[in-house]
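Structure below.
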């Protein structure tokens, strides 16, 4: 019998590629209840040790030991970002394929896994609530806060320049905030939609759009992971200083790719890697910037071809702009 992972990879081929010893090591690693529970938790993104301790209700040393064994087996990978350490499913190699194949057959209906999932959902809601509270507290000053990093005029000029070759019938601004980007693109597009998680931010955006009489633009509440829009419905999608709030950036980009029409374009504007730890607590940043390769790889994995990355020097933080197209 031939088994296939979700990505269509032949698992028999994975076994051949991985070799007997590595395969045995990987299977031993998940052949224990807690480690299988840990692996199951990573189907929805990245987690820290502290979060796993909360979900599993086990000691930090014990959880760390299980994570070490899963990483040594190649099923998980860890990376340091400032003082935080994140874990996620291995993104490459036969062990990564094996991890995803195992994930497909995990019985998530089992009670222990359902309870783990419920506690994971609570953690994600807590993250989301923290970000939403921050947005609510800063809704009126959001454009001013953005200006502390890189001149918005400079960013807006580049955004218009990299889209001059496009006919933009449908435009989506993910994390629209005050609606400023909709205002910038309004006379270049047929229809514009702004999505934001915060009702307070949307209230500010609606006032701004009404004030500017931009009748071809609208805003609505939505989640970057599930945008509730038709597949292949957008010509241009902008994700402007939003990805660093995401606990699963690659999933957000996958959803973005789903919405793009053929020859459509996505633009990601976000921070280059930095070490300003206070942004985690003061401004609810999940990630302290992204490397060029990290975002480019995510875009490639969801079928988007990237142009050279654009870099902008800021006062405290530098910005990077990734432009990618959906091409056969």
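Numbering (my numbering), first residue to last: 727 to 1054. From the three backbone atoms N, C-alpha and C, an ideal C-beta is built for every residue, glycine too.
The segment 773-789 and the segment 829-849 touch, with three or more beta-carbon pairs separated by less than 8 Å.
With respect to residue 748, residue 829 sits apart: the two C-beta atoms are not nearer than 7 Å. A direct Cα-Cα distance of roughly 27 Å separates residue 957 from residue 1046. Classified as exposed, residue 758 has fewer than 16 neighbouring CB atoms from the shown chains inside 10 Å of its CB. Contact between residue 876 and residue 771 is absent: CB atoms are separated by about 28 Å, not below the 8 Å threshold. Counted as a single uninterrupted DSSP element, the alpha helix (DSSP H) harbouring residue 1027 occupies residues 1018-1027. Take residue 953, set aside five residues on each side of it, and the residues of its chain with a beta-carbon closer than 7 Å to its own are 921, 981 and 985, in chain order.
Residue 1053 is classed as exposed because its beta carbon has fewer than 16 other beta carbons within 10 Å across all chains shown. In the DSSP assignment, residue 755 falls within the alpha helix (DSSP H) that extends over 746-756. Under the three-pair Cβ rule at 8 Å, the segment 956-972 does not count as touching the segment 926-943.
With distances taken between CA atoms, residue 792 lies nearest to 761 out of 776, 761 and 777.
By the C-beta density criterion, residue 885 is buried, having at least 16 other C-beta atoms within 10 angstroms.
Fully contained in the segment 957-1010 are the following beta strand (DSSP E) runs of length 3 or more, in chain order: 960-966 and 986-997.
Between residue 1012 and residue 970 the beta-carbon gap is near 6 Å, inside 8 Å, which marks them as a contact.
Here DSSP, grouped into helix, strand and coil, assigns residue 1047 to strand. The segment 907-926 and the segment 885-899 touch, with three or more beta-carbon pairs separated by less than 8 Å.
Here residue 805 is exposed: its Cβ has fewer than 16 other Cβ atoms, across all protein chains shown, within 10 Å. The beta-carbon distance between residue 964 and residue 993, rounded to whole angstroms, is 5 Å. This is short enough to meet the 8 Å contact definition. Secondary structure of residue 944 (DSSP, three-state): strand.
Out of 974, 914 and 949, the CA that lies nearest to the CA of residue 813 is found in 974.
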